[in-house]
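Residue numbers for the sequence shown follow our numbering, beginning at 158 and rising by one. Virtual Cβ for every residue (Gly too), placed ideally from N, Cα, C. Worksheet: one structure, shown below.
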Amino acid sequence: MAVMNPNTPPLLRGGNESENDFWYLLKEQLSDEFHVFHGLPYLTCEAKQGEVDFLVVHRKLGFLNIECKGWGVQREGGEWYRLKGGGARREPLGKTPTEQARDQLESIVAELQAPARRMLKASFGKFPLVYGWALAFPKSILDDDLPAGLKEEILIDGDDLEDLEQKVKEAMRFYHRKFDYLDDKRLDADDFARFCSLISPKVDMPPLLSTQIERESRQIERISREQAEVIRSLMGNQRLRVRGGAGTGKTVMALHGARLLAAEGRDVLVTCFNSKLAEFLRESVDAWPDVSGTIDVDNFHGLCARAGNELKGGLKYPSRHATKEVRRKFWQETAPYTLMRALDGGQFSLGPWDAIIVDEAQDFAADWWDILEVGLRDDGKMAIFYDESQTLFDHSAAIPQWSAEFMLRENFRNTKAIAKPVQKLGDTEMKPHRDCPDGEPPSVYQQQGPSKTRQQIGKLLTTLHQKQQLSYHHIAILSPHSPGNSAIQGATELDGHPIVPDIDQWYDGDGVLHTTISAFKGLQAEVIILVDIDPDDPRCSRNARYVAASRAINRLHVFEKGHWLDC
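Below, the structure is given as C-alpha cells:
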C-alpha cells in the first residue's frame with residue numbers, strides 16, 4: 158500500500174470525484190515503496206500559484222507528476238475543451254492537459270532543486286531523481302490514434318486500472334531514457350526519506366510562549382474580577398475568616414476589602430508575614446486613586462520594628478551568633494509584645510484602625526491576634542485570609558475560630574494544567590475556575606549533579622528568554638534551600654543569563670530571580686523553575702511543594718530528585 162500524503166481522501170478536502178477514485182487506486186495498488194502526494198500546492202518565482210494533482214515518488218524509479226482528468230475533457234481538431242452541462246456545451250482550455258502537467262513538473266523541480274542539493278550534498282547533476290509527467294483519464298478509454306506530443310507509456314486510462322502499479326512504473330521508466338546518467342546514482346533510503354520531507358515539509362509555527370502567556374494572563378485577570386465583588390457582601394462582618402487554597406484569590410479579595418473600607422472613610426491596616434508580599438501590597442495600594450480614609454501597609458514584624466524604634470529603649474535584636482531558640486523567641490514573643498506595648502500605651506505613630514486586614518494569616522502565631530486586637534478602635538473590623546496548607550514556618554498556625562467563615566473553592570491564578578498538581582499537593586477542596594486557560598502540564602526533569610543541573614537550567618533559560626521572548630522578571634527559580642546551598646549555589650549567570658538573589662532586582666528586570674520557596678511565599682511569576690525537589694528532604698515538605706508549585710501562573714518546570722508529587 159502506497160504512503161499517501163496527506164492520508165485523507167480528496168473528497169474530504171474539497172477534491173473532486175475523479176481524483177478521489179484515483180487516489181484510492183494509487184493507495185491500494187502501489188506498494189509502500191511509492192510515496193504519493195496529492196493536491197500539492199506550489200508558488201513560482203513569478204508569483205504564479207499552482208497545484209499538482211498527484212506526485213508519485215519512488216527511490217529507484219523517480220519522480221512522476223500525474224495530471225488527472227475526469228469526464229469533462231475533450232480533444233478535437235488539435236484543440237482541448239472543458240465539457241459543461243453534461244457535455245451539452247464546451248469551452249476551450251487555456252492550457253492543454255499536456256501543458257498543465259509539464260509546467261507543473263517544471264515548477265516543482267525548480268522549487269526543489271536547490272534545497273535538495275544543499276540537503277543531500279551529493280553530485281546528482283541538476284536533480285537527484287529521474288522526473289517526468291503523465292496524464293490520467295481513469296473514467297475514459299483512449300483511442301489508439303494519439304496526438305503528437307503524447308506517448309502511450311505516459312497515458313493512463315480505464316483499461317490500465319487493474320494493474321495500475323505496472324502502468325505507473327512504465328511511465329517512470331519511459332523517462333529513464335532521458336536521465337540514464339542517474340541510473341547508477343540512486344538515493345539510499347535515508348536520503349530518499351529526507352528528499353520526501355522536502356516535498357511536503359513539516360512546518361511547526363507554535364505561538365511564542367510570551368504571546369501565549371500574555372493571552373492567558375488577560376484571561377485570568379478577567380475572571381479575577383469576580384473575586385473582587387464577593388468580598389463586598391462579606392465586609393459587613395465584625396470578624397471574618399476567608400479560607401481558600403493557593404490561587405483562589407485571597408490576596409485580591411483582601412486588597413479589595415481594604416479599598417472598600419477606605420472608600421467609606423475608614424482607617425485600615427493591611428498586614429501579612431512576608432516582607433516582600435507586604436511590598437507588593439503597598440505598591441498595589443499606592444497605585445489606587447485617593448480614598449477618603451487611610452491605608453497603612455506593613456508586614457507584622459515591620460510593625461514590630463517600627464514600634465521598637467518609637468518606644469524608649471527600642472528593640473535589642475539578637476546577635477548573629479545567637480542560637481536558633483533565642484532568635485525564635487525574639488521574633489515570636491519579644492518583638493510582638495513591643496508592638497503591643499506601643500499600641501496599648503498610645504505611643505505608636507500608626508493606628509488605631511477601624512479595620513485590620515491580614516493576608517496569609519496561617520503564618521501568624523496565636524498570641525499575635527490579641528496584639529492586633531489592641532490596635533482596633535471600638536467596633537473595629539478584622540478580616541483574615543488564610544490557607545493552612547501553606548504553613549511553612551516553625552510556629553504552629555492558630556486561626557481564630559470566629560463564626561463568620563467563607564470558603565473559596567475555585568483557583569483563579571493557575572492554568573488548569575498547573576492547578577491539577579497544586580490541588581493534589583494541597584489536598585484542598587479546590588478546582589480551577591471554568592474559564593481559566595488550559596495551559597500545559599508541568600515539565601519534569603530528573604535532577605543530576607550541580608554542573609549538569611546548571612547546564613539544563615541555562616539551556617531552559619535560553620529557550621524561555623531568547624526563543625520564547627520572555628523577560629527575566631517573568632521567570633523565578635525557587636529552591637527549598639538557601640541560594641548558597643542549592644544546586645546552582647553561587648551562580649551569578651547561567652548560559653549567559655544573569656541570576657539575581659534580590660526580589661527588587663528581579664522586579665526591575667535585572668535578571669532571573671533565585672530564592673527560597675519561603676521567601677517567595679505570597680508572590681507569583683508567569684514561569685517558575687523548581688530545583689532540589691526531594692520529598693525525602695525535610696525542607697521540601699508537601700506543604701513546601703504545594704506553595705512552590707502554586708506560585709506558577711502559566712508554566713512550571715520541576716527538577717526533582719524524587720517524585721515531586723509523592724505525598
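Residue range of the alpha helix (DSSP H) that residue 731 falls in?
Because the chain is modelled from 158 through 724, residue 731 falls outside the range shown and cannot be assessed.
Out of 674, 542, 355 and 249, point me to the one whose CA is closest to residue 267's CA.
For the residues 674, 542, 355 and 249, the minimum Cα distance to residue 267 belongs to 355.
Would residue 397 and residue 561 be called neighbours here (beta carbons separated by less than 8 Å)?
Result yes, Cβ atoms of residue 397 and residue 561 sit closer than 8 Å.
Please tell me whether residue 571 and residue 404 are closer than 8 Å, where the distance is taken between their beta carbons.
Yes, these two residues count as a Cβ contact at 8 Å.
Would the stretch 177 to 195 and the stretch 205 to 217 be scored as touching if the rule is three or more Cβ pairs under 8 Å?
Touching, per the Cβ criterion.
Do you know whose CA, among 176, 626, 413 and 160, lies nearest residue 186's CA?
Among 176, 626, 413 and 160, the Cα nearest to that of residue 186 belongs to 160.
Closest to residue 711 by CA distance: which of 374, 322 and 238 is it?
The shortest Cα separation from residue 711 among 374, 322 and 238 belongs to 374.
Using the rule of at least 16 other Cβ atoms within 10 Å of the residue's Cβ for burial, across every protein chain shown, is residue 390 buried or exposed?
By the neighbour-count rule (16 or more Cβ atoms within 10 Å), residue 390 is not buried but exposed.
What separation, rounded to the nearest whole angstrom, lies between the Cα atoms of residue 298 and residue 313?
C-alpha separation (whole angstroms): 9 Å.
Is the CB-CB distance between residue 336 and residue 311 below 8 Å?
Contact flag unset, no.
Can you say whether residue 291 is buried or exposed, counting buried as having 16 or more other CB atoms within 10 angstroms of its CB?
Residue 291 should be labelled buried.
Cα-Cα, which of 665, 708, 662 and 691 is closest to residue 675?
Checked all of 665, 708, 662 and 691; the closest Cα to residue 675 is 708.
Is residue 610 helix, strand or coil when you go by DSSP?
Three-state DSSP puts residue 610 in a helix.
State yes or no: is the C-beta of residue 522 within less than 8 Å of the C-beta of residue 555?
A contact, by the Cβ cut-off of 8 Å.
By a C-beta neighbour count over all protein chains shown, 10 Å radius and 16 as the cutoff for buried, is residue 481 buried or exposed?
Exposed is the call here.
With distances taken Cα to Cα, identify the nearest neighbour of residue 413 among 433, 431 and 448.
The shortest C-alpha separation from residue 413 is found at 448.
List the DSSP bridge partners of residue 215.
Paired residues: 191 and 219.
Please state the DSSP three-state secondary structure of residue 601.
DSSP places residue 601 in strand when its eight states are reduced to three.
Between residue 446 and residue 636, what straight-line distance do the alpha-carbon atoms span, to the nearest angstrom?
Their backbone Cα atoms lie some 38 Å apart in a straight line.
Could you give the DSSP three-state label for residue 162: helix, strand or coil?
Note: residue 162 maps to strand in three-state DSSP.
Given this structure, state the Cα-to-Cα distance separating residue 274 from residue 162, to the nearest angstrom.
Their backbone Cα atoms lie some 23 Å apart in a straight line.
Relative to the alpha-carbon of residue 608, which residue among 399, 317 and 646 has its alpha-carbon at the smallest distance?
If we check each option's Cα against that of residue 608, 646 comes out closest.
Going by Cα to Cα distance, which pick from 679, 654 and 220 is closest to residue 668?
Residue 668 has its Cα closest to that of 654, out of 679, 654 and 220.
What's the C-alpha gap between residue 692 and residue 476?
Residue 692 and residue 476: Cα-Cα distance of roughly 33 Å.
Counting C-beta neighbours from all protein chains within 10 Å, is the total for residue 724 16 or more, i.e. buried, or is it exposed?
Its Cβ having fewer than 16 others within 10 Å, residue 724 is exposed.
For the alpha helix (DSSP H) containing residue 343, name the first residue and the last one.
Residue 343 -> no alpha helix (DSSP H), and no H or E assigned at all.
Express the C-alpha separation of residue 220 and residue 333 in angstroms, rounding to a whole number.
C-alpha separation (whole angstroms): 11 Å.
Rounded to a whole number of angstroms, what is the C-alpha to C-alpha distance between residue 680 and residue 534?
Using only the alpha carbons, I get a separation of about 31 Å.
Please state whether DSSP places residue 537 in a helix, a strand or coil.
Correct three-state label for residue 537: strand.
Under DSSP, the beta strand (DSSP E) around residue 639 begins and ends at which residues?
Run containing residue 639: none; DSSP gives neither H nor E here.
Considering only residues of the same chain and omitting the five flanking positions on each side of residue 581, which have a CB-CB separation below 7 Å?
Answer for residue 581: 722, listed in chain order.
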